[in-house]
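Shown next, in structure tokens, is the structure this report addresses.
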Amino acid sequence: MNPVNYLYLAALLFTIGATGVLIRRNAIVVFMCVELMLNACNLAFVAFARMHGNLDGQIIAFFTMVVAAAEVVVGLAIIVSVFRARHSASVDDASLMKL
Amino acid sequence: MSFPLLTATAVLPALGAIATAAVPAAKRTAAKWLALIVSLGTLALAVTVLMRFDPGGARYQLTESHAWIPEFGVRYELGVDGIAVALIALTAVLIPFIILAGWHDADPLETGSKRWRPTQGFFALILAVEAMVIISFEATDVFLFYIFFEAMLIPMYFLIGGFGDRAHEHGEETAATQRSYAAVKFLLYNLVGGLIMLAAVIGLYVVAGNFSLTEIAEARANGSLHMATSTERWLFLGFFFAFAVKAPLWPLHTWLPNAMGEATAPVAVLITAVVDKVGTFAMLRFCLQLFPEASKWATPAILVLALISIIYGALLAVGQRDIKRLVAYASISHFGFIIMGIFAMTSQGQSGATLYMVNHGISTAALMLVAGFLISRRGSRLIADYGGVQKVAPVLAGTFLIGGLATLSLPGLAPFVSEFLVLVGTFSRYPVIGIIATLGIVLAALYTLVLYQRTMTGPVKAEVAHMPDLRVRELVVVAPLVVLLIFLGVYPKPVTDIVNPAVKQTMSDVHKKDPQPEVEAAK
Amino acid sequence: MENLIALLVAAPLLGAAVLLCGGRRLDAVGHWIGTAFAAASFVLGVVLFADMLGKSPEHRTLMQHLFSWIPVEGFQANVGFQLDQLSMTFVLLITGVGSLIHVYSIGYMEHDERRRRFFGYLNLFLAAMLLLVVADNYLLLYVGWEGVGLASYLLIGFWQHKPSAATAAKKAFLVNRVGDMGLSIAIMLMFTTFGTFAFGPVLQSTGDAGEGKLTAIGLMLLLAACGKSAQVPLQSWLGDAMEGPTPVSALIHAATMVTAGVYLIVRSGDIFNAAPDAQLAVTVVGAVTLLFGAIVGCAKDDIKKALAGSTMSQIGYMVLAAGLGPIGYAFAIMHLVTHGFFKAGLFLGAGSVMHGMNDEVDMRKYGGLRKYMPITFVTFGLGYLAIIGFPGLSGFFSKDKIIEAAFAKGGAEGWILGGAALLGAAITAFYMTRVMLMTFFGEKRWQPDEHGNEPHPHESPKVMTIPMIVLAVGSVFAGAFFGIGERFVKWLEPVTGFEHGHPPVSALTVTLSTVAVMVVGVGFAYAQYGRRPVPVVAPRGSLLTRAARRDLLQDDFNHVVLVRGGEHLTRSLVYVDHTLVDGVVNGTAATMGGLSGRLRKLQNGFARSYAVSMFGGAAVLIAATLLMRAV
Amino acid sequence: MSAPAVHSLWTMAADPIEKIQAPKIEYGQLSPTLIVIGAAILGVLIEAFVPRRSRYYVQVFVAIVALAASFAAVVGLAAGGYGTTKAGIAAMGAIAVDGPALFLQGTILLAGLLGVFTFAERRLDPAAHGKRVDSFAAQAASVPGSDSEKAAVKAGFTTTEVFPLLLFAIGGMLIFPAANDLLTLFIALEVFSLPLYLLCAVARRKRLISQEAAVKYFLLGAFASAFTLFGIALLYGYAGSVSYATIAQVVDGTVQNVSPALAGTMGNDALLLVGGAMVVMGLLFKVGAVPFHMWTPDVYQGAPTPVTGFMAAATKVAAFGALLRLLYVVLPGLRWDWRPVMWAVAIVTMLGGAIVAITQTDIKRLLAYSSIAHAGFILAGVIATSPDGVSSVLFYLGAYSFVTIGAFAVVTLVRDAGGEATHLSKWAGLGRRSPLVAAVFAVFLLAFAGIPLTSGFAGKFAVFKAAAESGAGAIVVIGVISSAIAAFFYIRVIVLMFFSQPRPEGPTVAVPSPLTMTAIGVGVAVTLVLGVAPQYFLDLAGQAGVFVR
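Residue numbers (the numbering used here), protein chains in the order written: chain A, -11 to 87; chain B, 511 to 1033; chain C, 4 to 634; chain D, 104 to 652.
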């Protein structure tokens, strides 16, 4: 199967994730969409690694997962603290600062 | 390595400014005296410069040159020609009078925090301005000049915005708002001008590779530095715009009436008699030398603008109800004459213009400072609030009249010489413009005499009935100015002798010769 | 000898400086100091005169170079003096009459607490006027020219507490400034044409210059002369100038300053000789003014204004003569001098009358004063006879010559100008007789003023009468002295040149007709004011009379056209400056603010919309990059 | 030195081998980073083991020592010629040690040092229950206004974790501009971003907006880094490697396609362009360039002011460093593709920042927008694509970071009952109440406005000059115009401080401890010195103007 299709899939996932970030209100969901985008990247990396026949991409994928994990830690911490303060996880509620 | 006289002339007031600012809040009077002494010291140095300067000698004298920012090709280069010397002298002469005239202008009304020291600030700022003005007269490096041309805005800005007339006809609150409006207007106008000039300065660097006025002018002269016509014109416009804002030239003038109206009289004098001169001076020194061709190209347009300034400024002066704004518009008219003289490209015009800068400085100082004394007595700037002052304060009225007569350039007083030179210089190249400009002298008579009549003559108004005549301090300020006006009116030769060689140089920079009289031409 | 010229000018200048800077401590003696300095310059003048008589007519000119004034490349202005017969004449007139009037003022200004300053101004005037006539180049002349203007401004407005005085002073200065504009333009033209503006070089090289240029110069000089000498169309200020103290009117606005215009034209004779059109213009101005002034003089009830009108008209004669070229110059100056005597005398007389009448100026409130102030009556009467050209008195000689010369111009012009001059003579006789009758003859018509204190007419003190007597003597004999044997003409000829005019009719006819019209004029006046009592309240009068009372509406014209128009112009300009010029800038600032406010709205606080902008931005970025490659 | 990259090591690992050859690490040249990160880890341990009351002192001590030592190391390296002659690639091609890297690391470290000072300030907030407190929450985890928070305050807790977090962030920033392959770039990005997200959330006062700032920053930041990562992926796909050198070679076409199998990807310009654009976009987000700037105002306003100051200064430095390296080392071959785009970005950034700032009413937001405008000016230098451009940008960054930290430090001083009084109206008449503070702030504002004799002018001039020389005259003119617009709002603040009557209920100016004083003092000193005699630093930046490949 043409490896390029994997790339298309990755791009598709990435776009879905981005769209999710743009349209979903719940901070958690938005965050999950970001994770989705990261995973799309991982797919792309792996696909490219296979095409180039070197392991760089695969290694990077691991790095990405670690980074994603770290982001989860930080992100959830922030989101949860906001949730506890406002009893709402909606990004749109967090709009005290504007203009 | 001789004693850096020029640097000293600029550094002394700078240090004086710092010292004055450092005087503790309680020692208000000490600060005043310190400032006065420093300004007198500067005057002494300026006189030394005058003495050491040899009109017949090299174009730039007492030069100093040190590396400063090689990265930008910037050098610390100082040097004075006749024009600069004359203007430095003017500055150094006027500042002590300005300080003396503003003796009580900055005494704090309400006591703010213990650290709030308006008086110290006021005089420190004046000295700072003096330092910057002097160094921009001395700088022969475009970048160096630009730095101080711009930097002097800041102290001026605080002087305008921070200190206003005592009792203001509309009350302190509005006064404050008007002041800050005037200050901001002043700063923004000049900043925009300066920034546009910055673009041109950078452009000049890109073209010329350094900032040394002498080198670039040299290279332009012997053709080793070629500029595309369009480039030269753009750069010229960039420079000229900044100077025209500063000068100010119609239609970039509207900041001046606000600034002069709201500022105290001494500061107003500082603006129009000292700081604005940097603009006209720079036209002579930078525009003509760096961009001779473009200057000639722009001459017609500039002359027309100058002509408009002359007539327009005078007409608006007639229409003013506020003494200080009237003087401001009169100054606009006079700056029109100066610029016209510069760009008439005749030796009469340019010598006249330089002389005009000096004379206008003195005459405006005389008129404005006396007006300031008058205003401080009555607490109003409105002409309508006065009348019959001549009866109660004859000396004040007399000096005011002399200042006015100088403003309408009465023969026998200094401004006449310069104004006539400018007119002749312009007329001999552009007769029509010259004739129209002559209308200016009628209008000048109109606004001056109307002002005098409304304020000084007629039945004595009740509010001015007990107005004291000039005090000793005020006489000390005015008398020397009057003497100067008369002396330079009868015997301007000392100044012209210094200026003429420099003007001859400039004329050769722009490759212009005076038009020949018809009779010789016929032969 | 030369150095005396500088002293001549310096003496009164010093006097002015002393008096004006001296302060109150000089109040007691100020008037004596002033008079002393004036007298000193008169003595100097006499000494120089004597010296001059000692030389042969061709070598009488004294030159003195003092110092280089404004040296700029081609433009070399010097402070230097030139004293020739023409200047000499003026020097004597100015210092002589000036000194007399100083003396007179001692009495006249006795009760004014600012007398010291008054004398200071008078001295200042003398200095400026002397500078004007002894300068050796036009620019220095210009200095004197404006200097006398300043002095006249200060003196007209001497009683500043009166708004009318202040206004009159301002008006005088402004109208003069218009004239000065002409002078400065003339100087510029000279500079561009001859490369100099010193009398000698300019006047000698008129031959090399094009006639067009010379005509232009001539017209500009004429404009200047009109301003200073109150000639139509710049005459409007002279009437108001009477607001000044009477000695001022006598000295400045009758005898000396107002004649400066004539001096200028005669001095520039060579230019006019080479520019016939300019000359014609001069004669026209002169003729028009002499009629204008005369008509105005007929209608005024204010004695000083009547005399002012007469002054205008007499100067009209001089200008007319000056416009006639070499045939007229000498007579212009001659009439100028005689006029200096009798007109000054008349004004001093008027002053003396006012002095006795609580400063009442309305002739309708005089009448029968001859009984109360005999000396004034006699001196005034002699001056009267002189001005109407009563045979044998000075006015007769000078005026008659001018009329003759006018006819001698020849052709239609000659007839028109001559006719105008004759008519003028008649009217002169009429209005002067009117003044005479209304003031000194008939019944007393004065009543107590609103404060109830009735004037007690009395003769003035000696200090005032003596100058009047002296001037009266001058006005009687000067003409004969000058005229018989063409003494005056010979004296001036080396400077102004002279040709004998040849009128189409014999000189005798001209003289006789002059006398005839004079008699007619007197007769009319007597019929109207001598035979029947003069109403205290002026009758409405004919249209012409009413127009004449208002200076033939010339002021109204100025008011409507210049003043009103000017006010509107300035007001609208102030508006424009505020709304348009300033508005543009404030407008840009405002638009910036508005733009900023609108862009601010994008920052709506919603993280997702931020994300949208980022996403969009990224899309644009990518698209642009690809596009760059594509193109 | 072309990269015998780590990755080739991995690829070799595919076939059987006798012995594993250990990777070669130049510890000396990496010492600045290592010191800081080590100190950060140490900080974590301190949090775990040192008793609460003495943590603060130990943390501050460790942080300051570490940063100072690291800075010393940077100076040492620079003196050792590693910035110029001995510049090279370290850590098997992962990190470049060259002029720009060292210059920027030095700047970041100094900024960090001043940052630590402002972090450690404990005199400004009124003492809670007799205990000195800094501007960080007593217990970040506790709900604002809850009992647990009150208890924490009463107990005198303070969030001393901020110091290790700061150190981690600095560590990341040190790597960021030195990163020599895209992976390191990404990791560094995350390493310094994540701590900053947290730091934004831990303000003591106004905690709600603080947390909101954190959320926004975090979500948008993660969003942006996702883009970056995808861009990296595409570049990797294009070049078959993430090492800058290799990519550059492929771009220049010096490496020919190995096998036709790779024709689809290797050397496919679409991948290159799109990938490059996305990576650049991630960096533009960090520098706050329009249209990726929208997080800036909110985050700057919400975050604790010391954090804002540090972030505004250091992040910009690091991000621009990385951007420069990317554009100058990886994509010079694409100059003609990205320059026009960057032109556009620079222009809209300059104008946008300046215009929107006019109508701001909160001093912190105002400074945020001004920082956006400045990002635009710096971009003008970036697109000069000449060594002059690089050095001008370096100089500008150095000058700018000190002004920024100083300015925000002053903001921390002006306080009223509700903490810092950041609304402009409250600053009215400050000049009368405390002339000195107002004067200092005025100096910073004038520097922002680029008035001569301040560092701002020297920087602006350098950047514009470089741009003009590279033929970007239009950029210069627009830059000049926008700085005229910008001048307007700086002046507005000065007017407010000096020419308006003080409000009776106006804020007080707290007297800070020597820490903040030092921060402000250094800020002023550098501003004036760089304004009057910039030559030395210009030389420094000039020597540092060359990237190693």
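All C-beta atoms in this analysis are idealised placements derived from N, C-alpha and C, irrespective of residue type, glycine included.
Check	Outcome
Cβ-based burial, A262 of chain D [other Cβ within 10 Å; buried from 16]	Correcting the residue type first, residue 262 of chain D is Thr in the shown sequence and not Ala. The residue in question, T262 of chain D, is buried, as its Cβ has 16 or more Cβ neighbours within 10 Å.
Per-residue burial, A151 of chain D [other beta carbons within 10 Å of its own, 16 or more giving buried]	exposed
Within-8 Å CB hit, L956 of chain B to chain C	yes
Rounded C-alpha distance that separates I8 of chain C from A14 of chain C	10 Å
Sequence ranges, alpha helix (DSSP H) only - wholly within the stretch 519 to 592 of chain B, length at least 4	538 to 562
Beta-carbon proximity of G352 of chain C to F383 of chain C, cut-off 8 Å	yes
CB of L817 of chain B within 8 Å of CB of F853 of chain B, strictly	no
V548 of chain B beta carbon less than 8 Å from that of G567 of chain B	no
Buried or exposed by the 16-neighbour rule on C-beta atoms within 10 Å, applied to G455 of chain C	exposed
Neighbouring residues, chain B, relative to S586 of chain D (Cβ below 7 Å)	L705
M276 of chain D - DSSP class collapsed to helix/strand/coil	helix
Supposed close pair D403 of chain C, T517 of chain C - CB separation, criterion 8 Å	5 Å
Where G674 of chain B falls: helix, strand or coil (DSSP)	strand
Beta-carbon spacing of V55 of chain A, I290 of chain D below 8 Å	yes
Buried versus exposed, by CB contacts within 10 Å (16 or more), D591 of chain B	buried
With 16 other Cβ atoms within 10 Å as the buried cut-off, status of M4 of chain C	exposed
Under 9 Å (Cβ pairs) to chain B, residues found in the stretch 61 to 78 of chain C	F70, S71, W72, I73, P74, V75, E76, G77, F78
Through-space distance from L556 of chain D to A231 of chain D, alpha-carbon basis	43 Å
Within-8 Å CB hit, T52 of chain A to chain D	yes
Supposed close pair T399 of chain C, G482 of chain C - CB separation, criterion 8 Å	Residue identity differs from the one stated: residue 399 of chain C is Phe in this sequence, not Thr. With 8 Å as the limit, F399 of chain C and G482 of chain C qualify as a contact, their Cβ atoms being about 6 Å apart.
Listed by chain order, chain A residues near V615 of chain C by CB distance under 7 Å	L10
Alpha-carbon to alpha-carbon, A204 of chain D and I192 of chain D	11 Å
Range covered by the beta strand (DSSP E) that runs through A14 of chain C	That residue, A14 of chain C, is in no beta strand (DSSP E); its alpha helix (DSSP H) goes 5 to 25.
Proximity test, V899 of chain B beta-carbon vs the ligand ADP heavy atom, cut-off 7 Å	Only the bare structure without any ligand can be found here, which leaves the ligand ADP out of the picture.
Residues of its chain near Y185 of chain D, where Cβ-Cβ distance is below 8 Å and the 5 sequence neighbours each way are ignored	Q132, G191, V200, D201, L205
Integer-rounded CB distance, given that G395 of chain C should sit under 8 Å from F345 of chain C	Going by Cβ atoms, the distance from F345 of chain C to G395 of chain C rounds to 13 Å, so no, they are not a contact pair.
Same chain only: Cβ atoms within 7 Å of E742 of chain B, ignoring 5 sequence neighbours per side	F801, E803, A804
Exposure label - A278 of chain C; buried when at least 16 CB within 10 Å	buried
Cutoff 8 Å: L482 of chain D Cβ touching any chain B Cβ	no
W72 of chain C versus V992 of chain B: straight-line alpha-carbon distance, rounded	19 Å
Residue interval of the beta strand (DSSP E) (run including A304 of chain D)	Where A304 of chain D is concerned, there is no enclosing beta strand (DSSP E), given that its DSSP letter is neither H nor E.
A649 of chain B - partner residues in DSSP beta bridges	B:L588
For I140 of chain D: DSSP bridge partner residues	None, per the DSSP bridge assignment.
Per-residue contacts from D440 of chain D into chain C (C-beta, under 7 Å)	T628, M631, R632
Residues that DSSP places opposite N140 of chain C in a beta bridge	C:A201
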